[in-house]
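Peer 1:
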Amino acid sequence: MSKQHHYELTVQWTGNTGTGTSGYRQFERSHTISAAQKSDLLASSDPAFRGDPTRYNPEDLLVASLASCHMLWYLHLCAEAGVTVVEYSDTATGIMEETAAGGGRFREVTLHPLVKVLSDSMLEKALALHEAAHALCFIANSVNFPVHHHPVVQPLTTHQA
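With this note's numbering applied, the sequence shown closes on residue 162, and no number is skipped along the way.
(1) Say whether the segment 52–59 touches the segment 75–92, bearing in mind that this needs 3 or more beta-carbon pairs closer than 8 angstroms, one atom from each stretch.
(2) Got a sec, what are the start and stop residues for the alpha helix (DSSP H) A44 sits in?
(3) Give a yes or no on whether the C-beta atoms belonging to H6 and H71 are separated by under 8 angstroms.
(4) State buried or exposed for D41, treating a residue as buried only when at least 16 other CB atoms are found within 10 Å of its CB.
(5) Would you call the segment 124–132 and the segment 63–70 in contact, with 3 or more CB pairs under 8 angstroms?
(6) Under the DSSP definition of a beta bridge, which residues are partnered with M97?
(7) Would a C-beta distance cut-off of 8 angstroms place E32 and S23 closer than the cut-off?
(8) Report yes if the C-beta distance between P114 and D91 is below 8 angstroms; otherwise report no.
(9) In this structure, how does DSSP classify P59 when only helix, strand and coil are distinguished?
(10) Out of curiosity, what's the CA-to-CA distance linking V110 and L63?
(11) Quick one: what does DSSP say K126 is sitting in, helix, strand or coil?
(12) With which residues is S90 paired in a DSSP beta bridge?
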């Protein structure tokens with residue numbers, strides 16, 4: 002029997018400006034995402050859909066979930082393999098397409114991890130572990146579009162001759 006993990010959160014619309022959804026332009030898309038013992042996330046829709054540009058939108062959160070899941074698996078695998086990661090950042094990008102009917106879907110997400118490892122001797126293994134992290138990522142295995150990754154792995158210090 003496989004293990005199951007359950008998640009629960011609350012999404013509360015906070016965008017009623019007094020007349021509810023009496024018209025498309027009469028309400029804000031603002032909402033709060035909350036879960037027990039966690040900080041609230043202030044969210045909205047993408048600005049292209051009348052959202053607040055200062056808040057995270059569902060599309061941001063999907064891309065962030067993919068990048069975060071990959072990173073966490075990668076760090077786990079590096080620790081197990083004896084690869085000491087000292088810095089990790091990722092500038093992840095996503096492409097979503099709208100359909101003529103008004104809906105849409107993500108076409109792809111690309112992760113761009115920039116990783117620094119403790120020594121030159123770890124570079125090859127550190128680069129290879131991105132494939133394993135991608136294969137294990139729960140979120141990447143749950144989406145119906147490609148998730149690419151283009152990692153760069155560097156030693157903590159560059160040795161010059």
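The beta carbon of each residue, even a glycine, is placed where N, CA and C say it ideally should be.
Source: prediction; values computed, not measured.
Peer 2: If we stick to the structure as given:
(1) no
(2) Indexing the sequence shown from 1 puts residue 44 at position 43. No alpha helix (DSSP H) holds A44; the beta strand (DSSP E) holding it covers L42 to A44.
(3) As a working mapping, residue 6 is identified with position 5 in the sequence shown. As a working mapping, residue 71 is identified with position 70 in the sequence shown. In this structure, H71 does not lie closer than 8 angstroms to H6 by Cβ.
(4) Numbered from its first residue, the sequence shown carries residue 41 at position 40. Looking at its Cβ environment, which holds fewer than 16 other Cβ atoms inside 10 Å, D41 is exposed.
(5) no
(6) Locating residue 97 in the sequence shown gives position 96, counting from the first residue. Per DSSP, F107.
(7) Numbered from its first residue, the sequence shown carries residue 32 at position 31. Numbered from its first residue, the sequence shown carries residue 23 at position 22. Per the sequence shown, residue 32 should be read as His rather than Glu. No, Cβ-Cβ distance for H32 and S23 is not below 8 angstroms.
(8) Sequence index remark: in the sequence shown, residue 114 carries index 113 (1-based). Sequence index remark: in the sequence shown, residue 91 carries index 90 (1-based). The answer is yes: Cβ separation under 8 angstroms.
(9) Start at 1 with the first residue of the sequence shown, and residue 59 comes out as number 58. In the structure shown, P59 sits in a helix (DSSP, three-state: H, G or I).
(10) Working through the sequence shown from its first residue, we reach residue 110 at position 109. Working through the sequence shown from its first residue, we reach residue 63 at position 62. In a straight line, the C-alpha of V110 is about 9 angstroms away from that of L63.
(11) Here the question's residue 126 lines up with position 125 in the sequence shown. Three-state DSSP puts K126 in a helix.
(12) Here residue 90 refers to the residue found at position 89 of the sequence shown. Its beta-bridge partners are L115.
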